[in-house]
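J.: Mind looking over this structure? Questions follow.
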Amino acid sequence: MYVGALELDVLLGDIRSLKEKRSAVRPVIAELRKRFEVTVAEAGHLDKHRRTLIGVAVVAAEASHVDDVLDACERMVAGRPELDLLSARRRWLGPED
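In this text, residue positions in the sequence shown follow the numbering used here: the first is 147, and each later residue adds one.
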């Protein structure tokens, strides 16, 4: 069993309130869940209205599948014109851990 986690540090566009932030982040999280069948949550920068940290986790039998899914999630977020992906960080847990 392999577990992969992806932290996406994202700068949001023209957002002026936490309410607008929720309206911008919620569809991204929903699309990641639906499209890639991963666990996703807004996991950081909760008090900042123009920035968010999106956490993605996936479990699979093969490490290559985990890597492929996390790559696709990162590409999807990076490809959204209303978002600016500042950084992406991965963590792994495998059978040897």
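For each residue, glycine too, the CB sits at the ideal point set by N, CA and C.
Just checking my contact of V156 with T198 at CB under 8 angstroms: how many whole Å lie between their CB atoms?
T.: Indeed they touch by this definition, with Cβ atoms about 5 angstroms apart.
J.: Please list the terminal residues of the continuous beta strand (DSSP E) segment that includes S233.
T.: Looking at the DSSP string, the run of the beta strand (DSSP E) that includes S233 is 229–239.
J.: For a quick check, are the C-beta atoms of M147 and L178 less than 9 angstroms apart?
T.: Not closer than 9 angstroms, so no.
J.: Looking at I200 and E166, is the spacing between their C-beta atoms short of 9 angstroms?
T.: No; because the gap between Cβ atoms is not below 9 angstroms, this pair is not in contact.
J.: Which of the three DSSP states is assigned to D155 in this structure?
T.: If DSSP states are grouped into helix, strand and coil, D155 belongs with the strands.
J.: Could you check where the beta strand (DSSP E) with V204 kicks off and where it finishes?
T.: 197–206 is the extent of the beta strand (DSSP E) around V204.
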